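Structure, as structure tokens:
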Amino acid sequence: RVAVSLRDVSKQYTGGTWALQGVNMTVREGEFISLLGPSGCGKSTVLRTVAGLQTATAGSVEILGSSVNAIKERPGEIAFVFQEPTLMPWRSVLANVGLPLELMGVPRVERRERSLQMLEMVGLQSVANKLPRQLSGGMKMRVSIARALVSKPKLLMLDEPFAALDEITRQRLHEELLKLWERFGMTVLFVTHNVFEAVYLSSRVIVMQSNPGRIRTELKVSAAYPR
Ligand code: ADP
Ligand code: ADP
């Protein structure tokens, strides 16, 4: 089944830049896709368009069998992780993780239980009651990933999530992300300009180029990780 489909998608920003021109992309359920390319080639634009955070100038975008607009009415099905973890500073780690469930109207006790479970999966149950500023960059990223997955989304999108982290932390998070992907079976769209990261993590790499932003080629990857 198809998770994400882009047909002839173009995007022109106010100011005139054609960030995307004629992008076609089909992602099947359960795939781990990396969008790879130099800065400015439109990777983030693809992700934001799929997430419904902005609209395409032309073309059609379908997610999980619905239009982008329809998916907005189904909270919890798609999740987004940004490079800078956007945690609420005055809320505990636990409350940050539970936020998507709160928006979905999940009762408090269940919220707490599921958030704790998710924190355990990323090895952070011991800091559940701390505030975000008390955590390292890698821990904050783990909290962001836990928050993204707490609603068991079908589609997870990450925009250069590990770019700001040191090499060791990044490698650990690669392994954790792969384990979570196996465990949850969700579709992943991962944006990076790091070739190693793209090839190591994904089952398929979509390579983009700029001016205008478009797809240059695709690579099937036989990855080291069993899948
Ligand atoms: P990336 O980290 O993917 O390279 P950018 O640094 O290009 O992202 O963009 C960071 C933010 O700035 C994004 O929210 C993007 O929408 C915005 N942005 C990027 N380029 C421009 C621009 N030329 N005019 C206005 N906003 C921009
Ligand atoms: P990437 O993620 O590959 O770095 P982006 O999707 O952020 O690329 O940007 C693609 C192009 O669109 C770039 O030329 C960038 O400057 C431009 N751009 C991105 N966001 C905006 C924005 N909000 N307003 C104007 N131009 C933008």
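Following the UniProt record's numbering, the numbering of the sequence shown begins with 15 at its first residue and continues without gaps. Beta carbons: idealized from backbone N, C-alpha and C, even for Gly. Quick caveat: nothing in here was measured; it's all calculated off a predicted structure.
Integer Cβ distance of residue i from residue j, believed to fall under 8 Å
i: Met132; j: Val164; result: 5 Å
i: Val205; j: Val219; result: About 11 Å separates the two Cβ atoms, so there is no contact after all.
i: Ser158; j: Pro121; result: Wrong, their Cβ atoms sit about 24 Å apart, outside the cutoff.
i: Thr63; j: Val23; result: 7 Å
i: His207; j: Gly36; result: Rounded, the Cβ-Cβ distance is 22 Å, inconsistent with contact.
i: Leu169; j: Met200; result: 6 Å
i: Arg126; j: Gly112; result: 7 Å
i: Arg228; j: Leu34; result: 7 Å
Residue-level contact to chain B via CB, residue i, 7 Å cutoff
i: Leu20; result: Absent here is chain B; the protein component of the structure consists of one chain.
Close Cβ partners of residue i (< 6 Å) along its chain, the five nearest in sequence each way excluded
i: Trp32; result: Gln26 and Pro226
i: Leu130; result: none
i: Ala177; result: Gln97
i: Gly66; result: Val82 and Lys86
i: Arg241; result: Only weak support exists for where Arg241 lies, its pLDDT of 48 falling under 50; the coordinates are left without a value.
i: Gly152; result: Leu179 and Thr183
i: Leu108; result: Ser129 and Ala142
N-terminal and C-terminal residue of the alpha helix (DSSP H) that residue i is part of
i: Leu61; result: Lys57 to Val64
i: Leu108; result: Val107 to Leu117
i: Thr129; result: Inspection of the sequence shows that residue 129 is occupied by Ser rather than by Thr. Looking at the DSSP string, the run of the alpha helix (DSSP H) that includes Ser129 is Arg122 to Met135.
i: Ala84; result: Val82 to Ile85
For residue i, the nearest candidate out of the options (CA to CA)
i: Gln185; options: Tyr214, Thr100, Val141 and Phe198; result: Tyr214
i: Pro114; options: Pro99, Ile92 and Glu98; result: Ile92
i: Ser106; options: Thr69, Leu149 and Leu203; result: Leu149
i: Lys154; options: Lys168, Pro167, Gly90 and Gln139; result: Gln139
i: Glu232; options: Arg42, Leu49, Thr28 and Gly44; result: Leu49
i: Gly79; options: Pro167, Ser58 and Val16; result: Val16
i: Val18; options: Arg128, Ala212 and Leu203; result: Leu203
i: Glu77; options: Gln35, Ser24, Glu43 and Val221; result: The question names Glu, but residue 77 in the sequence shown is Ile. If we check each option's Cα against that of Ile77, Glu43 comes out closest.
i: Leu145; options: Ile229, Ala160, Glu116 and Asn110; result: Asn110
i: Trp104; options: Ser58, Arg88, Asn143 and Arg161; result: Asn143
i: Leu117; options: Arg147, Arg161, Ala84 and Val141; result: Arg161
i: Ser58; options: Ser217, Arg147 and Glu174; result: Glu174
i: Arg156; options: His188, Pro167 and Glu181; result: His188
i: Pro89; options: Pro167, Thr71 and Ser53; result: Pro167
Same chain, Cβ closer than 7 Å to residue i, neighbours up to 5 away in sequence not counted
i: Arg21; result: Asn38, Gly73 and Ser74
i: Tyr239; result: Legend: pLDDT at Tyr239 = 47, less than 50; position of this residue unreliable, value from coordinates given subsequently. Cβ within range, chain order: Leu192.
i: Gly30; result: none
i: Arg128; result: Leu115 and Val164
i: Gln223; result: Gly51, Cys55 and Arg230
i: Ala212; result: Ser48, Leu50, Thr206 and Val219
i: Trp195; result: Phe46 and Val202
Residue span of the beta strand (DSSP E) that contains residue i, given as start and end
i: Met39; result: Trp32 to Arg42
i: Lys17; result: For the record, residue 17 in the displayed sequence is Ala; it is not Lys. Taken as a continuous stretch (DSSP letters only), the beta strand (DSSP E) holding Ala17 covers Val16 to Gln26.
i: Glu98; result: Unbroken run through Glu98: none, as it is neither H nor E.
i: Leu138; result: Segment: none, Leu138 is in no beta strand (DSSP E) and carries neither H nor E.
i: Lys144; result: From DSSP, Lys144 is part of no beta strand (DSSP E); its letter is neither H nor E.
i: Ser48; result: Phe46 to Leu50
i: Leu67; result: No beta strand (DSSP E) holds Leu67; DSSP gives it neither H nor E.
i: Leu233; result: Arg228 to Lys234
Beta-carbon proximity list for residue i, same chain, < 8 Å, skipping 5 on both sides
i: Val123; result: none
i: Met102; result: Ala109, Asn110, Leu113 and Pro146
Notebook entry, point to check: Which runs of the beta strand (DSSP E) spanning at least 3 residues fall entirely within the segment 152 to 219, listed in chain order?
Noted result: 169 to 173 and 201 to 206
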